[in-house]
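Going line by line, the protein sequences match chains A and B. Sequential numbering from 1 applies to the first sequence in the numbering used here. Sequential numbering from 1 applies to the second sequence in the numbering used here. Glycine included, C-beta positions come from ideal geometry on N, C-alpha and C.
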Amino acid sequence: MKTNDVILQTTTKVVFFIIFLFSIHIFFAGHYTPGGGFVGGLLTTGALLLLLLAFDLKTVRKALPFNFLIVVALGLLIALLTSAWPMLFNEPFLTHAFGDYDLPFLGESSLHTATLFDLGVYLVVVGAGMTMIQTIGGDT
Amino acid sequence: MAFQILLNVFIAIVWMLMNSSFSATSFMIGYLIGLVLLILMGGFFKHRLYVWRLWAAVKLFFLFLRELTMSNISVLMLVLKPKLDLQPMIFALPTDLKHDWELTLLSSLITLTPGTVVLYVSDDQRTLYVHAIDVDDVDEAIYSIKNTFERAIKEVSRP
Numbered sequence: 001m002k003t004n005d006v007i008l009q010t011t012t013k014v015v016f017f018i019i020f021l022f023s024i025h026i027f028f029a030g031h032y033t034p035g036g037g038f039v040g041g042l043l044t045t046g047a048l049l050l051l052l053l054a055f056d057l058k059t060v061r062k063a064l065p066f067n068f069l070i071v072v073a074l075g076l077l078i079a080l081l082t083s084a085w086p087m088l089f090n091e092p093f094l095t096h097a098f099g100d101y102d103l104p105f106l107g108e109s110s111l112h113t114a115t116l117f118d119l120g121v122y123l124v125v126v127g128a129g130m131t132m133i134q135t136i137g138g139d140t
Numbered sequence: 001m002a003f004q005i006l007l008n009v010f011i012a013i014v015w016m017l018m019n020s021s022f023s024a025t026s027f028m029i030g031y032l033i034g035l036v037l038l039i040l041m042g043g044f045f046k047h048r049l050y051v052w053r054l055w056a057a058v059k060l061f062f063l064f065l066r067e068l069t070m071s072n073i074s075v076l077m078l079v080l081k082p083k084l085d086l087q088p089m090i091f092a093l094p095t096d097l098k099h100d101w102e103l104t105l106l107s108s109l110i111t112l113t114p115g116t117v118v119l120y121v122s123d124d125q126r127t128l129y130v131h132a133i134d135v136d137d138v139d140e141a142i143y144s145i146k147n148t149f150e151r152a153i154k155e156v157s158r159p
């Protein structure tokens, strides 16, 4: 029986963005406070899962037309490149560089290439989670 | 409403550019000046000023707080009463709210006040089915919801 999901769907449209924002916050908080790529990725997957619960697979696939297997590949590629890059400069594998920069608008910020590695982890977690859910939930 | 807020932010940015000081304080000053200008030019807009809708939203928030306190106390009285003579009831609440968010807001407000829960929204979105823990008179319950929450939500959404 098809019921009227107006309350669930309208609430999801608001809550989705809050969860998504929180996942990005968790992702960037990872260096100094609890958080990081893995939890951030899982939270993003949770937000997308909420969309899947409130709407259906076809709608979400139309709104987010990513092939999540490619997202996994992209994440692995980013992680591999950031770890292999120092080898070009006669540094060992997985050497990270960091420094303080004075960015416009953001002010004094310290940038670290470990964030790029974390971005790879994030993408792999999101891609793997969504692939699993879509494969179990869908027909194909 | 969105256009007026955008215009107000735009005026604030122009004020910041005129003074060439880019800080939160000068943005606030520009925003307040823009607000005064908007109030002066109020007659030129098709809809009422967004400040009044904001004020209606604040009033709705305080109305919700009041209803929450009152119905919490009444449910507490029901719980503490030694004799269990409740009159639970599911009734249909006709509503003429149009947008999805209005309907969601009304259902959330009804559900958050103790004693009443929204069970189901009809397919044409014109009727809410509400379960209430203790109702003496259905018409009176419907009237009280319509008169408080629905009227306040309509006040917020009126353009």
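Which residue's Cα is closest to the Cα of residue i: the options?
{"i": "residue 123 (chain A)", "options": "A:67, A:53 and A:60", "result": "A:67"}
{"i": "residue 31 (chain A)", "options": "A:93, A:110, A:21 and A:3", "result": "A:110"}
{"i": "residue 83 (chain A)", "options": "A:10, A:94, A:131 and A:47", "result": "A:94"}
{"i": "residue 130 (chain B)", "options": "B:116, B:148, B:122 and B:139", "result": "B:116"}
{"i": "residue 90 (chain B)", "options": "B:109, B:103 and B:121", "result": "B:121"}
{"i": "residue 46 (chain B)", "options": "B:26, B:108 and B:3", "result": "B:3"}
{"i": "residue 105 (chain B)", "options": "A:8, A:4 and A:105", "result": "A:8"}
{"i": "residue 105 (chain A)", "options": "B:24, B:7 and B:14", "result": "B:24"}
{"i": "residue 151 (chain B)", "options": "B:57, B:75, B:72 and B:14", "result": "B:57"}
{"i": "residue 126 (chain B)", "options": "B:139, B:143, B:18 and B:103", "result": "B:103"}
{"i": "residue 134 (chain A)", "options": "A:103, A:21 and A:64", "result": "A:64"}
{"i": "residue 86 (chain B)", "options": "B:92, B:19 and B:75", "result": "B:75"}
{"i": "residue 40 (chain B)", "options": "B:84, B:144 and B:8", "result": "B:8"}
Using a threshold of 8 Å, state whether the C-beta atoms of residue i and residue j are closer than that.
{"i": "residue 19 (chain A)", "j": "residue 50 (chain A)", "result": "yes"}
{"i": "residue 97 (chain A)", "j": "residue 115 (chain A)", "result": "no"}
{"i": "residue 100 (chain B)", "j": "residue 6 (chain A)", "result": "yes"}
{"i": "residue 156 (chain B)", "j": "residue 60 (chain B)", "result": "yes"}
{"i": "residue 109 (chain B)", "j": "residue 149 (chain B)", "result": "yes"}
{"i": "residue 11 (chain B)", "j": "residue 34 (chain B)", "result": "yes"}
{"i": "residue 38 (chain B)", "j": "residue 49 (chain B)", "result": "yes"}
{"i": "residue 28 (chain B)", "j": "residue 22 (chain B)", "result": "no"}
{"i": "residue 113 (chain B)", "j": "residue 63 (chain B)", "result": "no"}
{"i": "residue 128 (chain B)", "j": "residue 135 (chain B)", "result": "no"}
{"i": "residue 130 (chain A)", "j": "residue 77 (chain A)", "result": "no"}
If you draw a straight line from the C-alpha of residue i to the C-alpha of residue j, how long is it?
{"i": "residue 53 (chain A)", "j": "residue 111 (chain B)", "result": "21 Å"}
{"i": "residue 42 (chain A)", "j": "residue 36 (chain A)", "result": "10 Å"}
{"i": "residue 79 (chain A)", "j": "residue 15 (chain A)", "result": "31 Å"}
{"i": "residue 120 (chain A)", "j": "residue 56 (chain A)", "result": "28 Å"}
{"i": "residue 79 (chain B)", "j": "residue 146 (chain B)", "result": "26 Å"}
{"i": "residue 72 (chain A)", "j": "residue 58 (chain A)", "result": "21 Å"}
{"i": "residue 30 (chain B)", "j": "residue 133 (chain B)", "result": "51 Å"}
{"i": "residue 158 (chain B)", "j": "residue 126 (chain A)", "result": "41 Å"}
{"i": "residue 132 (chain A)", "j": "residue 61 (chain A)", "result": "14 Å"}
{"i": "residue 12 (chain A)", "j": "residue 107 (chain B)", "result": "14 Å"}
{"i": "residue 141 (chain B)", "j": "residue 88 (chain B)", "result": "12 Å"}
{"i": "residue 95 (chain B)", "j": "residue 27 (chain A)", "result": "43 Å"}
{"i": "residue 123 (chain B)", "j": "residue 154 (chain B)", "result": "21 Å"}
{"i": "residue 75 (chain A)", "j": "residue 100 (chain A)", "result": "26 Å"}
{"i": "residue 23 (chain A)", "j": "residue 40 (chain A)", "result": "5 Å"}
{"i": "residue 38 (chain A)", "j": "residue 128 (chain A)", "result": "12 Å"}
{"i": "residue 5 (chain B)", "j": "residue 82 (chain B)", "result": "55 Å"}
{"i": "residue 14 (chain B)", "j": "residue 26 (chain B)", "result": "11 Å"}
{"i": "residue 77 (chain B)", "j": "residue 65 (chain B)", "result": "19 Å"}
{"i": "residue 36 (chain B)", "j": "residue 19 (chain B)", "result": "18 Å"}
{"i": "residue 4 (chain A)", "j": "residue 34 (chain A)", "result": "40 Å"}
{"i": "residue 17 (chain A)", "j": "residue 73 (chain B)", "result": "35 Å"}
{"i": "residue 89 (chain A)", "j": "residue 46 (chain A)", "result": "40 Å"}
{"i": "residue 144 (chain B)", "j": "residue 70 (chain B)", "result": "13 Å"}
{"i": "residue 10 (chain A)", "j": "residue 117 (chain A)", "result": "36 Å"}
{"i": "residue 52 (chain B)", "j": "residue 32 (chain B)", "result": "16 Å"}
{"i": "residue 138 (chain A)", "j": "residue 1 (chain B)", "result": "41 Å"}
{"i": "residue 92 (chain B)", "j": "residue 44 (chain A)", "result": "38 Å"}
{"i": "residue 107 (chain A)", "j": "residue 85 (chain A)", "result": "27 Å"}
How about residue i: is its Cβ closer than 7 Å to a heavy atom in the ligand MN?
{"i": "residue 39 (chain B)", "result": "Summarising the ligand content, the structure contains no ligands, and the ligand MN is consequently not present."}
When the cut-off is 8 Å and only beta carbons count, does residue i lie next to chain E?
{"i": "residue 6 (chain A)", "result": "Of the protein chains in the structure, A and B, none is chain E."}
If the cut-off is 7 Å on Cβ atoms, which residues from the segment 96-109 of chain B count as contacting chain A, listed in chain order? 100, 101, 103, 104 and 107
Counting only runs that start and end within the segment 82-125 of chain B, where is the beta strand (DSSP E) found for 3 or more residues in a row? 89-94 and 116-121
At 4 residues or longer, what runs of the alpha helix (DSSP H) sit wholly inside the segment 49-84 of chain A? 57-63 and 68-84
Fully enclosed by the segment 98-126 of chain A, which beta strand (DSSP E) runs are 3 residues long or longer? 98-103 and 107-112
Going along the segment 10-33 of chain A in order, which residues come within less than 8 Å of chain B, judged by CB to CB distance? 10 and 11
At a Cβ cut of 9 Å, what residues of the segment 122-139 of chain B count as close to chain A, listed as they run along the chain? 122, 123, 124 and 125
Taking Cβ-Cβ distances below 8 Å as the criterion, which residues of the segment 51-81 of chain A are in contact with chain B? none
Whole alpha helix (DSSP H) elements within the segment 43-89 of chain B, 4-residue minimum: 50-80
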